[in-house]
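Participant: For the sequence shown, position 177 (counting from the first letter as 1) is numbered 1599 according to the numbering used here, and the numbering increases by one without interruption. Just so it is clear, CB atoms sit at the ideal spot from N, CA and C, and this is done for glycine as well. Quick caveat: nothing in here was measured; it's all calculated off a predicted structure.
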Amino acid sequence: MARTNATYNIKAVSQLLGIQPGTLRAWERRYKIIRPSRNEAGHRLYTDDHIRILKGLMEKLDKGFTISQAVSLIESNEKADTRPDHFEQTTQLEKIGDDLLSGLLSFNEKEAQRHFDYAFSLFTPETVAIDVLGPILGKIGDLHEENGITSAHEHFALQFIRSRIGMMLISIPTDPLLPKALLVCGPNEHHELELLLFALFLKRKGYDVVYLRQRIDGGDMQIVIDEVKPTYMFMSCPLKKNTAEAIRVVESLQRQYTDLKIGLGGYVDDYLSELDQKKIHPFMVGNSKKDWENWLQER
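1) What is the DSSP secondary structure of residue 1623, reduced to helix, strand or coil?
2) To which residues of the same chain is residue 1707 closer than 7 Å at the C-beta, ignoring the five residues directly before and after it?
3) Of all the options 1616, 1650 and 1445, which has the alpha carbon lying nearest to the alpha carbon of residue 1551?
4) Go to residue 1654, then tell me how far its beta strand (DSSP E) extends in each direction, as first and last residue.
5) Return helix, strand or coil for residue 1454, following the three-state DSSP convention.
6) Under the DSSP definition of a beta bridge, which residues are partnered with residue 1466?
7) Which term fits residue 1578, buried or exposed, when burial requires 16 or more other beta carbons within 10 angstroms of its beta carbon?
8) Under 8 Å by Cβ, that's how I've got residue 1538 and residue 1523 pegged, so tell me the actual separation to the nearest angstrom.
9) For the beta strand (DSSP E) holding residue 1594, just list the boundary residues, first then last.
10) Compare the C-alpha of residue 1647 against each of 1436, 1659 and 1632 and name the closest.
11) Where does residue 1529 land, buried or exposed, given buried means 16+ other C-beta within 10 angstroms?
12) Which one of 1681, 1547 and 1461 has the shortest CA to CA distance from residue 1700?
13) Can you give me the C-alpha to C-alpha distance between residue 1485 and residue 1492, rounded to a whole angstrom?
14) Inspect the beta-carbon positions of residue 1563 and residue 1600 and report whether they are closer than 8 Å.
15) Between residue 1659 and residue 1614, which are expected to be in contact by the criterion C-beta below 8 Å, what is the C-beta distance as a whole number of angstroms?
16) Between residue 1667 and residue 1677, what straight-line distance do the alpha-carbon atoms span, to the nearest angstrom?
17) Are the Cβ atoms of residue 1554 and residue 1588 separated by less than 8 Å?
18) Indicate whether the contact test is met: 3 or more Cβ pairs, each with one atom in the stretch 1472 to 1479 and one in the stretch 1448 to 1458, closer than 8 Å.
19) On the premise that residue 1621 lies in contact with residue 1605, defined as a C-beta separation below 8 Å, what is that separation, rounded to the nearest angstrom?
20) Enumerate in chain order the residues of its own chain whose CB-to-CB distance from residue 1441 is below 6 Å, with the five nearest sequence positions on each side excluded.
21) Roughly how many angstroms lie between the CA atoms of residue 1503 and residue 1653, to the nearest whole one?
22) Tell me the rounded alpha-carbon separation between residue 1558 and residue 1527.
Next comes the structure, spelled out in structure tokens:
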């Protein structure tokens, strides 16, 4: 009988399947085909089901499929085992997302807006943002990385998404009795869309969100914190080259503001050794709605 408990660490999975740890982390981050749990030290733990899925993925890659095609094939089989209502909603969200992306990549803003409005007629703003726009961001990144679209396509699509999430963010009321959260891009970071999604998630929960689109110079960060007096501060760091500086800033701020609850988003832990991952684990917010919920509940 297959074990369903989390048994394998990332080193064991790498040796068992011949997948480099960095590649495995990238697949998890980009395609979310598996979601390993974490132990108290922050290390990934994989189950036999995860191993089965990864083996199937490797088999399809060996047959000549691209990673995107292989993931789609695996997900199609997995969906057959889900509840009908969940399957129907997931399929509908994916269809809307595909139609919206098609409009964006055709530079057809009117068509894209039509699909966006349709999504809003069926689902909550949070669902539209996280389960429709979020996956589109990943697909756009993949297509641009694989030279499947031009920079013009990417800029047009990202600007559409940025403006729509921004409008959603402004329209949501806040609860003055709930904590205040300061959100800012990390050092040298200019990719703020993931942070914008997180801002929307917090605002939908009623938090008073102070969202700063661009990074703040180190000397100005203390001024902003002293002025805003937030309970939480979240910093995003999606790029590997900025990881070390982001960690340095977060650790420095935590020493200075011991009561401030600081979260670090992006994919910082993908680029670190297990020892460094353990060190910064308390700061890591994660990259999914479930991760975000757990981080907030723990604090």
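Facilitator: Quick look at the numbers:
1) helix
2) 1656, 1685, 1686, 1687, 1713, 1714 and 1717
3) 1616
4) 1654 to 1659
5) coil
6) 1460
7) buried
8) Rounded, the Cβ-Cβ distance is 11 Å, inconsistent with contact.
9) Counting along the chain, residue 1594 falls outside any beta strand (DSSP E), and DSSP gives it neither H nor E.
10) 1632
11) exposed
12) 1461
13) 10 Å
14) no
15) In fact, because the Cβ distance is near 11 Å, the residues do not count as touching under 8 Å.
16) 16 Å
17) no
18) yes
19) 5 Å
20) none
21) Any reading at residue 1503 is ruled out, since the residue's pLDDT is 44, under 50, leaving its predicted position unreliable.
22) 11 Å
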